[in-house]
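In case it helps, my numbering puts the sequence shown at residues 1371 to 1543. Note that CB positions come from ideal geometry on N, CA and C, so glycine has one too.
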Amino acid sequence: MDVLINESRIEKRLDEMAKEIDKAYEGKEIILIGILKGSVVFMVELAKRMKTKVQFEFIEVSSYEGTESTGKVKIVKDIKNSIEGKDVLIVEDIIDTGITLTFLKEYLLLKKPNSLKIATLLSKPSRRIKELDVDYIGFKIEDKFVIGYGLDYNQNYRNLPYIGYVNSEKDLL
Ligand code: IMP
Ligand code: MG
């Protein structure tokens, strides 16, 4: 397993992102909607650095099996509270094809938030199938399958404190 982004680089970037978000939402309250389960570590670490008042919501969509996208998205667990008229920030671990976020953005807009933005820890722009505007991006990375800091391979490795990658799936459990 190789390290792509070490812990101190991630922490430094999260400090910057939290500041940028605080500045943009000055005087407001934000509903953070984390996409389960990959966003959990990033969402907690980002929120801890923010001064803006936030509430946590979580949504779960059907996701990848192995390293390939099935291309189909469905809601497995919806948010509990109304977001009508609220300022909402979707929090995601990684944007790959963009299919998940394109779907979720449309879905959440139906709930009539006052604003809806996206923050992601990672983005793989070269893999995009659906173009979408992403407001806050931690790191743009090349097309590698990455794990750690919330990201999994078959549900494992989410607790690694850094972003790692492997060259071959055979190196993973
Ligand atoms: P998208 O719909 O293709 O943008 O896929 C986004 C989802 O795919 C993310 O929330 C991740 O769960 C998963 N994913 C995409 N690339 C990776 C990766 O390199 N490692 C782990 N999960 C990934
Ligand atoms: Mg995910």
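Is the beta carbon of Val1353 less than 7 Å from the beta carbon of Ser1409?
-> Nothing can be reported for residue 1353: it is not among the residues displayed for the chain, which extend from 1371 to 1543.
Leu1459 versus Pro1483 - alpha carbon distance = Answer to the nearest angstrom: the Cα atoms are 10 Å apart.
Closest by C-alpha distance to Ile1507, when choosing among Glu1377, Leu1416 and Ser1432 | The shortest Cα separation from Ile1507 among Glu1377, Leu1416 and Ser1432 belongs to Leu1416.
Measuring CA to CA, which of Ile1401, Thr1467 and Lys1389 is closest to Glu1454?
-> Closest by alpha carbon: Ile1401.
Out of curiosity, what's the CA-to-CA distance linking Val1424 and Ile1405?
-> Their Cα atoms are separated by approximately 16 Å.
State yes or no: is the C-beta of Phe1509 within less than 7 Å of the C-beta of Ile1375?
-> Yes. Within cutoff.
Outcome for Lys1393 when other beta-carbon atoms lying within 10 angstroms are tallied against a minimum of 16 = Classification of Lys1393: exposed, given that the 10 Å Cβ count is below 16.
Among Lys1447, Lys1442 and Ile1488, which has the Cα closest to the Cα of Glu1430?
-> Nearest C-alpha to Glu1430 among Lys1447, Lys1442 and Ile1488: Lys1447.
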